[in-house]
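**Student:** Handing you a structure now.
2 protein chains.
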Amino acid sequence: MSRPDLSSEKREAFLPVIARAFAEHGYRRATTAKLAEACGVRENVLYRLWPDKKAMFVATIEYMYRLSADAWSNVIAKVGPGQSAAERVLAYSSEHHGELGLYKLIFAGLTETDDPDVQKALRDMYARFHKFIAQQIAVHRDENNGKIPRNVELAAWAFVGLGTVVGIGRELELLGPVQRKNLMREMGALLLSGGD
Amino acid sequence: MSRPDLSSEKREAFLPVIARAFAEHGYRRATTAKLAEACGVRENVLYRLWPDKKAMFVATIEYMYRLSADAWSNVIAKVGPGQSAAERVLAYSSEHHGELGLYKLIFAGLTETDDPDVQKALRDMYARFHKFIAQQIAVHRDENNGKIPRNVELAAWAFVGLGTVVGIGRELELLGPVQRKNLMREMGALLLSGGD
DNA sequence: CGATACTGTAAGTGTTCACTTACTGATCTT
DNA sequence: AAGATCAGTAAGTGAACACTTACAGTATCG
Numbered sequence: 123m124s125r126p127d128l129s130s131e132k133r134e135a136f137l138p139v140i141a142r143a144f145a146e147h148g149y150r151r152a153t154t155a156k157l158a159e160a161c162g163v164r165e166n167v168l169y170r171l172w173p174d175k176k177a178m179f180v181a182t183i184e185y186m187y188r189l190s191a192d193a194w195s196n197v198i199a200k201v202g203p204g205q206s207a208a209e210r211v212l213a214y215s216s217e218h219h220g221e222l223g224l225y226k227l228i229f230a231g232l233t234e235t236d237d238p239d240v241q242k243a244l245r246d247m248y249a250r251f252h253k254f255i256a257q258q259i260a261v262h263r264d265e266n267n268g269k270i271p272r273n274v275e276l277a278a279w280a281f282v283g284l285g286t287v288v289g290i291g292r293e294l295e296l297l298g299p300v301q302r303k304n305l306m307r308e309m310g311a312l313l314l315s316g317g318d
Numbered sequence: 123m124s125r126p127d128l129s130s131e132k133r134e135a136f137l138p139v140i141a142r143a144f145a146e147h148g149y150r151r152a153t154t155a156k157l158a159e160a161c162g163v164r165e166n167v168l169y170r171l172w173p174d175k176k177a178m179f180v181a182t183i184e185y186m187y188r189l190s191a192d193a194w195s196n197v198i199a200k201v202g203p204g205q206s207a208a209e210r211v212l213a214y215s216s217e218h219h220g221e222l223g224l225y226k227l228i229f230a231g232l233t234e235t236d237d238p239d240v241q242k243a244l245r246d247m248y249a250r251f252h253k254f255i256a257q258q259i260a261v262h263r264d265e266n267n268g269k270i271p272r273n274v275e276l277a278a279w280a281f282v283g284l285g286t287v288v289g290i291g292r293e294l295e296l297l298g299p300v301q302r303k304n305l306m307r308e309m310g311a312l313l314l315s316g317g318d
């Protein structure tokens with residue numbers, strides 16, 4: 123018995139760096155050598171913290187989800203002037219969407235979907251996002267009597283799609299910052315209201 | 123002078139097979155060996171038709187776009203009972219979305235966006251889809267007085283996003299066929315009408 | 001026919017990359 | 001201080017893969 127195990131602390135410390143590298147280069151191009159260099163260590167060290175590269179990627183997805191979820195929770199927690207929580211999240215998203223690089227990560231992951239672990243991580247992340255958004259919409263529409271109606275479920279998926287296309291537009295340089303913001307805000311409002 | 127050059131015919135003949143392989147395995151995992159095997163030839167032969175793997179991929183994206191565009195054109199050309207062309211495309215999409223495997227291809231391409239040729243191919247494809255959809259919406263709303271208003275532009279992007287999330291839902295097995303159909307149909311109708 | 005190009009087969013080649021092994025030094029517990 | 005485990009360095013290994021080269025066969029033209 124000797125020396126405490128600092129593995130989990132190391133993991134937490136490296137994750138932001140690894141996440142940045144994955145978001146920047148995608149899965150394949152983010153070689154383990156690059157990841158290690160970005161972390162300032164040898165590849166070896168990373169392999170003592172995770173069994174393989176795939177595990178690093180899955181951990182990154184979970185980390186990025188946590189980051190986004192935290193940001194949204196903060197926005198909701200703030201007491202705003204006459205806006206519903208959903209409206210505040212929408213306003214926040216239209217300003218800061220894509221800054222975390224989550225979407226590049228998702229696109230990278232979507233091409234690795236023949237790996238069951240990666241697929242599961244992505245599925246869980248999407249499902250949680252969807253659930254979160256659906257609840258926000260339901261509360262906003264004041265329809266939150268325990269059960270979320272089907273329309274809200276669908277609107278929440280459309281919302282996720284909106285976020286995705288904004289991410290793609292950013293990635294492919296099809297949409298400028300102003301367009302992205304307008305798209306998120308105006309179509310987001312339409313989905314929030316449900317056309318009423 | 124001897125023997126006519128059948129290269130372009132060969133390319134056309136191989137493209138569907140190559141497209142299928144790319145859609146099935148993504149970019150990296152669709153190795154040139156696999157592509158050749160699927161085509162029933164040696165890798166060599168493919169390299170006489172395209173300069174490199176990237177060119178095969180770009181050609182595949184263009185091919186798949188052509189396929190989708192043709193399908194939509196056919197739907198529009200058919201004279202329907204009291205439905206606008208946009209409504210017919212929507213109905214068609216909600217039934218057949220994703221069958222061509224275009225979305226897997228897009229996800230594969232999105233992780234290769236540091237390659238300018240791939241990025242350009244994707245950007246062109248998205249831009250053309252967006253333009254097409256925007257025109258359909260404009261005609262449907264009877265606002266087609268020469269210029270497409272901003273709302274319609276945004277709605278068209280949201281539409282693209284809707285298609286994308288349906289593709290993701292299919293890929294990650296988050297959405298079943300019925301859900302996908304409902305999502306496309308109901309949220310598509312909302313975007314078509316613009317909430318009026 | 002015979003020259004010229006196209007078509008297909010077979011076997012490399014050089015590189016990249018995920019992952020390993022061997023070893024040295026540091027640090028904590030008893 | 002001893003013993004054990006952790007932390008970091010350096011080099012290497014084997015496999016996968018994009019792409020090439022060399023060559024034998026064949027169809028098409030003058």
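Chains A and B supply the protein sequences, listed in that same order. Adding 122 to a residue's 1-based position in the first sequence gives its number in the working numbering. Adding 122 to a residue's 1-based position in the second sequence gives its number in the working numbering. Note that CB positions come from ideal geometry on N, CA and C, so glycine has one too.
1. Check whether the Cβ of F229 (chain A) lies closer than 9 angstroms to any Cβ atom in chain B.
2. W279 (chain B) CB to nearest chain A CB: under 9 angstroms?
3. To the nearest angstrom, how far is the alpha carbon of H218 (chain B) from that of E131 (chain A)?
4. Which of the residues in the region 237-259 of chain A, read from start to end, lie with their CB under 7 angstroms from any CB of chain B?
5. What residue does the alpha helix (DSSP H) around R263 (chain A) start on, and which one ends it?
6. At least one CB of chain A closer than 9 angstroms to the CB of Y187 (chain B): is that the case?
7. By DSSP, does D318 (chain A) sit in helix, in strand, or in coil?
8. For A155 (chain B) versus E165 (chain B), is the C-beta distance shorter than 9 angstroms?
9. Take Y185 (chain B) and list the residues in its own chain whose beta-carbon comes closer than 7 angstroms to its own, dropping the five residues that flank it on each side.
10. Go ahead and pull the three-state DSSP assignment for R292 (chain A).
11. Going along the chain, which residues of its own chain have a beta-carbon closer than 6 angstroms to the beta-carbon of R210 (chain A), five neighbours each way excluded?
12. Grab me the residues of N273 (chain B)'s own chain with a C-beta within less than 8 angstroms of its C-beta, minus the 5 sequence neighbours each way, in chain order.
13. Rounded to the nearest angstrom, what separates L305 (chain A) and D237 (chain A) at their Cα positions?
14. If you follow the alpha helix (DSSP H) that H219 (chain A) is part of, which residue opens it and which one closes it?
15. Short of 6 angstroms in beta carbon distance, which residues of its chain neighbour A158 (chain A), apart from the five on each side in sequence? Order them along the chain.
16. Answer yes or no: do R302 (chain A) and V282 (chain A) have a C-beta to C-beta separation smaller than 9 angstroms?
17. Roughly how many whole angstroms lie between the Cα atoms of G291 (chain B) and P126 (chain B)?
18. So the candidates are B:R188, B:A280 and B:Y149; which of them puts its Cα closest to the Cα of A177 (chain B)?
19. Using a threshold of 9 angstroms, state whether the C-beta atoms of G143 (chain B) and A152 (chain B) are closer than that.
20. Return helix, strand or coil for G231 (chain A), following the three-state DSSP convention.
21. For a test of the three-state rule: what should DSSP assign to P238 (chain B), helix, strand or coil?
22. Determine, using beta carbons only, whether L212 (chain B) and L297 (chain B) come nearer to each other than 9 angstroms.
23. Relative to the C-alpha of A256 (chain B), which residue among B:L128, B:V180, B:R170 and B:A280 is closest?
24. In whole angstroms, give me the CA-to-CA distance for H110 (chain B) and R133 (chain B).
25. Between A157 (chain B) and chain A, is there a C-beta pair that is closer than 9 angstroms?
**Tutor:** Here's the rundown:
1. In the first sequence, counting from the first residue as 1, residue 229 (chain A) sits at position 107. Closer than 9 angstroms to some Cβ of chain B, the Cβ of F229 (chain A) qualifies, so yes.
2. Within the second sequence, residue 279 (chain B) is the residue found at index 157, counting from 1. Output row for W279 (chain B): interface = yes.
3. Translated into the one-based positions of the second sequence, residue 218 (chain B) becomes position 96. Translated into the one-based positions of the first sequence, residue 131 (chain A) becomes position 9. About 49 angstroms.
4. Q241, L244, R245, Y248 and A249
5. As a first step, residue 263 (chain A) is located in the first sequence; it is residue number 141 there, counting from the start. No alpha helix (DSSP H) holds R263 (chain A); DSSP gives it neither H nor E.
6. By 1-based counting over the second sequence, the position of residue 187 (chain B) is 65. It does not; no Cβ of chain A falls within 9 angstroms.
7. Working through the first sequence from its first residue, we reach residue 318 (chain A) at position 196. Here D318 (chain A) sits in coil by DSSP.
8. As a working mapping, residue 155 (chain B) is identified with position 33 in the second sequence. As a working mapping, residue 165 (chain B) is identified with position 43 in the second sequence. Yes. Within cutoff.
9. By one-based count along the second sequence, residue 185 (chain B) stands at place 63. Excluding sequence neighbours, Y185 (chain B) sits near L137 and A141.
10. The count along the first sequence starts at 1 and reaches residue 292 (chain A) at position 170. Helix.
11. For this step, residue 210 (chain A) is matched to residue 88 along the first sequence. Closer than 6 angstroms at Cβ, skipping near neighbours: V197 and G202.
12. The residue you call residue 273 (chain B) lines up with position 151 of the second sequence. So the list reads G316, once near-sequence residues are dropped.
13. As a first step, residue 305 (chain A) must be located in the first sequence, where it is residue number 183. As a first step, residue 237 (chain A) must be located in the first sequence, where it is residue number 115. About 33 angstroms.
14. On the first sequence, position 97 is the one that residue 219 (chain A) refers to. No alpha helix (DSSP H) contains H219 (chain A), which DSSP labels as neither H nor E.
15. Within the first sequence, numbered from 1, the residue matching residue 158 (chain A) stands at position 36. Only R164, E165 and L168 meet the Cβ criterion.
16. Within the first sequence, residue 302 (chain A) is the residue found at index 180, counting from 1. Within the first sequence, residue 282 (chain A) is the residue found at index 160, counting from 1. Going by C-beta atoms, R302 (chain A) is not nearer than 9 angstroms to V282 (chain A).
17. Translated into the one-based positions of the second sequence, residue 291 (chain B) becomes position 169. Translated into the one-based positions of the second sequence, residue 126 (chain B) becomes position 4. The straight-line gap from Cα to Cα measures roughly 47 angstroms.
18. In the second sequence, residue 177 (chain B) corresponds to position 55, counting from 1. Out of B:R188, B:A280 and B:Y149, B:Y149 has the C-alpha closest to the C-alpha of A177 (chain B).
19. As a position in the second sequence, residue 143 (chain B) is number 21, starting the count at 1. As a position in the second sequence, residue 152 (chain B) is number 30, starting the count at 1. One point to set straight first is that residue 143 (chain B) is Ala, not Gly, in the sequence displayed. Yes, the pair counts as a contact, with Cβ atoms nearer than the cut-off.
20. For this step, residue 231 (chain A) is matched to residue 109 along the first sequence. If DSSP states are grouped into helix, strand and coil, G231 (chain A) belongs with the helices.
21. In the second sequence, counting from the first residue as 1, residue 238 (chain B) sits at position 116. Of the three classes helix, strand and coil, the one that applies to P238 (chain B) here is helix, per DSSP.
22. What you label residue 212 (chain B) is simply residue 90 of the second sequence in a count that begins at 1. What you label residue 297 (chain B) is simply residue 175 of the second sequence in a count that begins at 1. No. Outside cutoff.
23. One-based indexing of the second sequence puts residue 256 (chain B) at position 134. For A256 (chain B), the nearest C-alpha among the options comes from B:A280.
24. Only positions 123 to 318 of chain B appear in this structure, which leaves residue 110 (chain B) out of reach.
25. Against the second sequence, residue 157 (chain B) aligns to sequence position 35. Note that residue 157 (chain B) corresponds to Leu in the displayed sequence, not to Ala. With 9 angstroms as the cut-off, L157 (chain B) does not count as an interface residue toward chain A.
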